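Here the structure is laid out as structure tokens; the discussion comes afterwards.
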Amino acid sequence: MRIILLNPPYFPKFSRSQRSPAVIKSGTIYYPIWLAYATGLLQKKGFDVNLIDSPAEGFDLAKTLELIEKYNPSIVVVDTSTPSIENDAMIAERIKKSIPAAYIVMVGTHVSATPEETLRDYPWVNAVARREYDETLSDIAGMFSHNKTADTEDLKKIQGLSFRSNDSIVHNADRPFITDLDQFPFVSQVYKQFLNVENYFYSITKHPEITIITGRGCPHQCTYCVYPQVQYGHRYRHRSPENVAAEFVYIRENFPHVKEVFIEDDTFTINKDFCRTVCELLIKANLGLPWTANSRADVDMETLKIMKKAGCRLLCIGVESGHQQILDNIRKKLKIEQVETFMKNARKAGILVHGCFMVGNQGETLETMEKTLRLAKRLHPDTAQFFPLMVYPGTRAFEWASEKNYIKYRTYNDWLTSEGLHNCVINTPTLSSDEMVSFCNRARRSFYLRPAYIASKLWQTVTHPSEMKRLLKSFITFSRYLFQK
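For the sequence shown, my numbering begins at 2 and goes up steadily by one.
In structure tokens, the structure reads:
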């Protein structure tokens with residue numbers, strides 16, 4: 002009995018596993034990290050597993066089907082996202098036609114939010130493994146290994162599963178979130194076996210990098226953020242610090258060419274004691290392996306100093322807006338004054354910052370967008386991104402926009418442009434989607450083409466020559482979009 006976990010082909014370098022799936026203007030392509038963790042757990046439990054990442058490998062549909070047919074799996078797990086769901090369903094249908102006996106399971110944020118719709122609209126899909134799906138897949142695999150087929154009564158016992166039973170759709174109870182994250186093999190071990198780390202690129206990290214998770218879930222209630230609301234919940238569960246440090250050692254020993262580790266937790270710094278203990282272990286290990294992490298802009302100076310000593314090179318923070326009322330509207334629980342203090346402290350600690358800015362939330366106007374741009378320039382992060390609000394099913398932002406009748410789309414394909422880039426689907430009484438996109442394009446030019454910013458980058462290449470390759474590669478890819486109107 003064999004299992005394939007598939008990141009299906011779509012646009013070249015399309016990233017399903019990022020929080021806002023699309024082709025990224027900076028050239029970033031994410032690891033299929035959630036599929037990889039599930040692959041590792043299935044393999045640990047003795048199942049014959051294969052992981053295929055078609056976008057990263059450049060596989061088209063024909064090549065992907067060829068690989069799947071050759072492997073002849075009993076179960077095919079198909080990753081999904083809102084903008085790619087129609088493509089993903091089409092590929093699932095092609096797989097079903099090629100291997101009629103294959104049990105097709107869809108996973109990911111979109112189908113977790115829309116299991117009834119998914120199974121109703123795509124009758125060739127057998128099941129949806131909702132939310133955190135690692136152990137759900139393990140239970141399905143265990144059932145097949147015993148029964149050699151899908152047994153309805155056994156399926157009803159699997160928590161977190163929605164499945165088709167004759168002419169009806171059954172939704173089992175949600176599965177409790179996993180608390181023992183140390184049970185997972187290192188995701189870097191899975192990468193080593195199935196993926197080519199050279200295929201993955203994150204513009205704010207040094208290349209090549211390896212992405213890991215040290216914890217799942219986030220206690221904060223930001224209205225737009227899809228993972229806590231749809232997939233991994235609002236309770237932060239983390240690995241043991243010793244387990245995290247051991248993976249850093251594994252990466253250093255087994256990937257000597259890797260230049261950086263990216264910690265992709267929603268908020269690595271949410272638990273100060275955990276964060277500091279990990280840092281202390283990394284300091285003791287003295288690996289000389291830089292790392293980057295997602296963070297909130299409320300980390301204290303002492304913690305920043307410890308993080309820097311442990312190898313932290315850059316923190317990615319969500320500033321989102323320069324207008325306090327908008328931050329309150331989206332339940333950010335962050336004051337602009339905190340962000341300003343954080344930026345000063347990060348600079349003193351020697352840690353670079355990537356700032357994320359978003360427009361189009363409740364209360365946004367032309368004037369508040371300009372206020373956000375002024376704040377971005379004043380904060381002067383190492384790099385910045387400006388995006389219109391992207392709303393996804395299952396989030397409060399989607400509910401807000403739907404209730405107000407602000408969302409305008411024909412199909413889920415409308416979440417992307419013809420090139421696979423982000424496409425804004427909301428229009429509010431005070432802002433059209435075109436105005437949001439136009440502002441973001443102008444904001445990038447205004448931020449990156451400032452003489453002060455250009456001078457700081459030139460100085461950075463002198464004082465930190467190791468940053469030159471990262472900056473050059475990102476600029477070459479990004480420059481084709483920088484002058485869009």
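Just so you know, even glycine gets a beta-carbon here, dropped at the ideal spot from N, CA and C. Since the model is a prediction, treat every value here as computed from it, not as a measurement.
Measuring alpha carbon to alpha carbon, tell me which residue in the options is nearest residue i.
i, options, result
"residue 239", "178, 425, 18, 121", "178"
"residue 406", "245, 428, 383, 225", "428"
"residue 157", "147, 141, 225", "141"
"residue 16", "172, 146, 165, 201", "201"
"residue 402", "434, 380, 357", "434"
"residue 130", "114, 122, 223", "114"
"residue 422", "36, 292, 85", "85"
"residue 273", "301, 39, 335", "301"
"residue 45", "63, 135, 127", "135"
"residue 262", "152, 316, 186", "316"
"residue 3", "67, 11, 75", "75"
"residue 26", "148, 38, 386, 451", "386"
"residue 66", "94, 42, 295", "94"
"residue 143", "373, 47, 454, 264", "47"
"residue 451", "379, 358, 197", "379"
"residue 267", "154, 236, 448, 375", "236"
"residue 358", "344, 372, 320", "320"
"residue 390", "234, 223, 375, 345", "223"
"residue 377", "459, 344, 6", "344"
"residue 1", "9, 83, 54, 70", "Outside the modelled stretch of the chain, which goes from 2 to 486, sits residue 1, for which no answer is possible."
"residue 438", "448, 424, 449", "424"
"residue 375", "436, 339, 448, 420", "448"
"residue 100", "127, 70, 125, 116", "70"
Please state the DSSP three-state secondary structure of residue i.
i, result
"residue 389", "strand"
"residue 265", "coil"
"residue 278", "helix"
"residue 43", "helix"
"residue 219", "coil"
"residue 211", "strand"
"residue 111", "helix"
"residue 102", "coil"
"residue 69", "helix"
"residue 300", "coil"
Give the straight-line distance between the Cα atoms of residue i and residue j, rounded to the nearest whole angstrom.
i, j, result
"residue 277", "residue 217", "17 Å"
"residue 280", "residue 31", "25 Å"
"residue 368", "residue 382", "22 Å"
"residue 311", "residue 88", "43 Å"
"residue 29", "residue 444", "20 Å"
"residue 293", "residue 354", "10 Å"
"residue 39", "residue 33", "10 Å"
"residue 12", "residue 399", "25 Å"
"residue 289", "residue 185", "25 Å"
"residue 133", "residue 35", "9 Å"
"residue 172", "residue 150", "19 Å"
"residue 91", "residue 64", "15 Å"
"residue 191", "residue 42", "10 Å"
"residue 432", "residue 259", "44 Å"
"residue 418", "residue 187", "36 Å"
"residue 195", "residue 370", "43 Å"
"residue 1", "residue 145", "There is simply no residue 1 to check, as the chain begins at 2 and stops at 486 in what is shown."
"residue 342", "residue 78", "45 Å"
"residue 199", "residue 209", "6 Å"
"residue 175", "residue 234", "12 Å"
"residue 244", "residue 282", "10 Å"
"residue 53", "residue 9", "8 Å"
"residue 465", "residue 458", "10 Å"
"residue 454", "residue 193", "38 Å"
Taking 8 Å as the limit between beta carbons, can you name the residues of its chain near residue i, skipping five residues before and five after?
i, result
"residue 189", "211, 213, 248, 251, 252, 255, 256"
"residue 291", "207, 260, 261, 262, 312, 313, 314"
"residue 226", "20, 219, 267, 396"
Taking 7 Å as the limit between beta carbons, can you name the residues of its chain near residue i, skipping five residues before and five after?
i, result
"residue 112", "81, 119, 129"
"residue 246", "279, 282, 283, 286"
Here's a check: name, in chain order, each residue in its chain whose Cβ is nearer than 6 Å to the Cβ of residue i, leaving out the five neighbours to either side.
i, result
"residue 270", "276, 296, 300"
Inset, instruction - For the segment 198-209 and the segment 104-111, state whether three or more C-beta atom pairs, one from each stretch, are separated by less than 8 Å. - result: no
Inset, instruction - Decide if the segment 47-67 is in contact with the segment 219-237; the criterion is three or more beta carbon pairs, one per stretch, under 8 Å apart. - result: no
Inset, instruction - Determine contact between the segment 352-362 and the segment 320-332, defined as no fewer than three beta-carbon pairs at a distance below 8 Å. - result: yes
Inset, instruction - Determine contact between the segment 165-176 and the segment 18-26, defined as no fewer than three beta-carbon pairs at a distance below 8 Å. - result: no
Legend entry - Inter-stretch contact at 8 Å, needing at least 3 Cβ pairs: the segment 346-361 / the segment 299-307: yes
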